[in-house]
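A.B. asks:
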Amino acid sequence: MEMPAPNPAILARRGEVLDQLASVLPRAALITDTTELRAYECDALTAYRCLPMAVVLPGSTEEVAAVMRICHGAGVPVGPRGSGTSLAGGALPSEDAVLLGVARMREVLEVDLADRIIRVQTGITNLAVTGAVEEDGFFYAPDPSSQLACAIAGNIAMNSGGAHCLKYGVTTNNLLGVTLVQMDGTVVEMGGAHLDAAGYDLLGLVCGSEGQLGVVTEATLRILPKPEGARPVMIAFDSAEVAGACVADIIKAGVLPVAIEFMDRPCIRACEDFAKAGYPDCEALLIVEVEGAEAEIDAQLGLIGQIARRHDPVELRESRSEDESKRIWLGRKSAFGAMGNINDYMCLDGTIPVSSLPFVLRRIGEMSTEFGLDVANVFHAGDGNMHPLILFDANTPGELEKCEAFGAEILKLCVEAGGCLTGEHGVGIEKRDLMSVQFTPEDLEAQMRVKDVFDPGWLLNPAKVFPLEASAPRRAA
């Protein structure tokens, strides 16, 4: 992936800029040592790396605003970073940029159980939000697989979802308000504790904007009462296409499980070795979870079982205990790490209509043969958010490039099937040059004009999201 050459004029001012940053931050919050900068040279898309000019770790909105004012005045780009779990290169730094991490901003600022909200600094991890309210019988619904590590800042930037987004929605459906620091240091409040804000939906613009419009330092999130009960069922098939057809029929029947997850054989094997979840021996596995009162759970699983049996499953097994349920989900949540134990891979993130699952899965299998690279499929089947893992050998010359080409064809396939390039990982640099596959030049121009309003100098997370050729005149201005 190409990144623009660093601006020599900015690099020449490095010492002056660092002195200014040191004047507004605690000593430990400014990192300039080359060895220490290595920890920030990439995010979870580790194939691409670059040392930033410096890393700043402010501890408050006020410190973020001070950093932004300095960088804005000096014309220095700023790259926002949550926990660095982005799989699309969204937090990849550039040599002439200051990387601004929110890792020190982890406080719970307010909990209001009566209004079912929690206000937090955005460096807090996804799982820690639920941890702050679970003893009171509440939880935060979006649950990415990286929820143990990923920050709310990154969840907002990429509009992350998770296994349970089928019923509860993704981040945008659970985000009520933000504190946003703009590139010039202006602090803006959007939304709040109420259900919907007056005027234009600026909050909707910010959620999913990938750090292009500002740095979100605080967030007001919706929390929900824990369900009375929940139970997953595993449905095994001897074909990925048949499993996809079963998903489509479940959705068509009007049943709304809390989650429908898909794994194929390579992923099943890796996850079973890791979690010992008792997964069946099959070509494709669905994990379908429903929740509610016991009678409601029984009724929903009964209907799902009827639908599944029309597709001749190899096995249909309900969880028999809370421990078994935890192991089933541990396996699924550990999929990316478990696959990483056995192979290099690139994880994609395309979204398609649920009815297209059988066709798309078949085509991915055919393309796997064409490119000579294996694919493991694991994804949120209920809303068609696919995560194909393309396996390759990073030590073999040319394999990464072949993997990228294969990935591009899968994402084009998603668009052709009526879907889109990303569901929750974002565009970053990974899909940047594919944006023209989904959007016309006029579409891209309209989107870039929105960035012009928030960040006229194009200093926030530049060279991401928009094709380099399309954004070049603005970045050079």
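Just so you know, the sequence shown maps onto residues -14 to 462 in the working numbering.
Each residue gets a CB set at the ideal place from its N, CA and C atoms; glycine is no exception.
(1) Please report how far the alpha carbon of Q285 lies from the alpha carbon of G239, in whole angstroms.
(2) Leaving aside the five residues before and after A228 along the sequence, list all residues of the same chain whose C-beta is less than 7 Å from its C-beta, in chain order.
(3) So, for R34: in the same chain, excluding its five sequence neighbours on each side, which residues have a beta-carbon less than 6 Å away from its beta-carbon?
(4) Per DSSP, which one or two residues make a beta bridge with F222?
(5) Per DSSP, F124 forms a beta bridge with which residues?
(6) Suppose the cutoff is 7 Å on Cβ atoms and the five residues either side in sequence are ignored; what does the same chain contact list for D249 look like?
(7) Using a threshold of 9 Å, state whether the C-beta atoms of L429 and V345 are closer than that.
(8) Is there contact here, the stretch 144 to 155 with the stretch 122 to 135, by at least three beta-carbon pairs under 8 Å?
(9) Excluding the five sequence neighbours on either side, which residues of its own chain have a C-beta within less than 6 Å of the C-beta of A455, listed in chain order?
(10) State the DSSP-derived secondary structure class of M168, mapped to helix, strand or coil.
(11) Measuring straight from C-alpha to C-alpha, what distance separates G122 and A113?
(12) Could you tell me how far apart the beta carbons of R302 and K261 are, in whole angstroms, since I believe they sit closer than 8 Å?
(13) F124 to I349, Cα distance in whole Å?
(14) Report the three-state DSSP secondary structure of L98 (helix, strand or coil).
(15) So the candidates are P298, C256, A178, S306; which of them puts its Cα closest to the Cα of G214?
(16) Under 8 Å, with one C-beta from each stretch per pair, do the stretch 86 to 104 and the stretch 439 to 448 reach the 3-pair mark?
(17) Nearest to K449 by alpha carbon, out of G75, G116, K237?
(18) Just to confirm before moving on: does the CB-CB distance between A142 and G108 stay below 9 Å?
(19) Check whether the stretch 52 to 68 touches the stretch 81 to 89, counting contact only when three or more Cβ pairs, one atom from each stretch, lie closer than 8 Å.
(20) State buried or exposed for T20, treating a residue as buried only when at least 16 other CB atoms are found within 10 Å of its CB.
(21) Distance check for D181 and V41, CA to CA, integer angstroms please.
(22) To the nearest angstrom, report how far apart E386 and A73 are at their CA atoms.
(23) Based on Cα-Cα distance, which residue from P242, E257, A320 lies nearest to G290?
(24) Tell me the residue span of the beta strand (DSSP E) that contains V41.
(25) Give the DSSP-derived three-state secondary structure of F364 in the structure shown.
(26) Expressed to the nearest angstrom, what Euclidean distance is found between the alpha-carbon atoms of G199 and Q167?
(27) Counting along the chain, where does the alpha helix (DSSP H) carrying V438 start and finish?
(28) Any idea what DSSP makes of R66, helix, strand or coil?
(29) Go through its chain and collect everything with a Cβ distance to V435's Cβ below 7 Å, but skip five positions before and after it.
(30) Taking the alpha carbon of V2 as the point to measure from, which residue in D258, L206, D283, M38 has its own alpha carbon closest?
(31) Determine the contact status of H372 and C332, defining contact as a CB-CB distance below 9 Å.
(32) Does DSSP classify C252 as helix, strand or coil?
(33) Report yes if the C-beta distance between L36 and E80 is below 9 Å; otherwise report no.
(34) If you follow the alpha helix (DSSP H) that C465 is in, where does it begin and where does it stop?
(35) Can the beta-carbon of L374 be found less than 9 Å from the beta-carbon of Y330?
(36) Taking a contact to mean a Cβ-Cβ separation below 9 Å, would you say K152 touches A244 in this structure?
C.D. replies: In short:
(1) Spanning the two alpha carbons is a distance of roughly 11 Å.
(2) Same-chain partners within the cutoff: F222, F247, A269, L271.
(3) The residues are E26, C27.
(4) Residue pairing for F222: DSSP places it in a beta bridge opposite A269.
(5) Bridge partners of F124: L209.
(6) Correct list, in chain order: A225, E268, A269, A361, N362.
(7) Taking 9 Å as the Cβ cut-off, L429 and V345 do not qualify as a contacting pair.
(8) Taking 8 Å as the limit for Cβ pairs, the verdict is that the stretch 122 to 135 does touch the stretch 144 to 155.
(9) Answer for A455: L429, listed in chain order.
(10) Note: M168 maps to coil in three-state DSSP.
(11) Going by the C-alpha atoms only, they are around 14 Å apart.
(12) R302 to K261, Cβ: 15 Å. No contact.
(13) Each residue's Cα considered, the two are about 36 Å apart.
(14) Residue state, collapsed to three classes: coil.
(15) Of P298, C256, A178, S306, the residue nearest in Cα terms is S306.
(16) The stretch 86 to 104 vs the stretch 439 to 448: no contact.
(17) Relative to K449, the option among G75, G116, K237 whose CA is nearest is G75.
(18) Remark: C-beta atoms of A142 and G108 do not approach each other more closely than 9 Å.
(19) Contact between the stretch 52 to 68 and the stretch 81 to 89 is present, because at least three Cβ pairs lie under 8 Å.
(20) It counts as exposed.
(21) V41 and D181 have their C-alpha atoms roughly 34 Å apart.
(22) For E386 and A73, the distance between alpha carbons rounds to 16 Å.
(23) Residue P242 is the option with its Cα nearest to G290.
(24) Segment 39 to 41, the beta strand (DSSP E) holding V41.
(25) F364 falls in the strand class under three-state DSSP.
(26) If you take the alpha carbons of G199 and Q167, they lie about 5 Å apart.
(27) Element bounds for V438: 426 to 439.
(28) Strand at R66.
(29) Result list for V435: L190, in chain order.
(30) Looking only at D258, L206, D283, M38, the smallest Cα-Cα distance to V2 is reached by M38.
(31) In contact: H372 and C332 (Cβ atoms closer than 9 Å).
(32) DSSP, reduced to helix, strand and coil, places C252 within a helical segment of the structure shown.
(33) Yes, the Cβ-Cβ distance between L36 and E80 is below 9 Å.
(34) In the structure displayed, the chain extends from -14 to 462; residue 465 sits before or after that span and is not available.
(35) Contact flag set, yes.
(36) For K152 and A244, yes; Cβs fall inside 9 Å.
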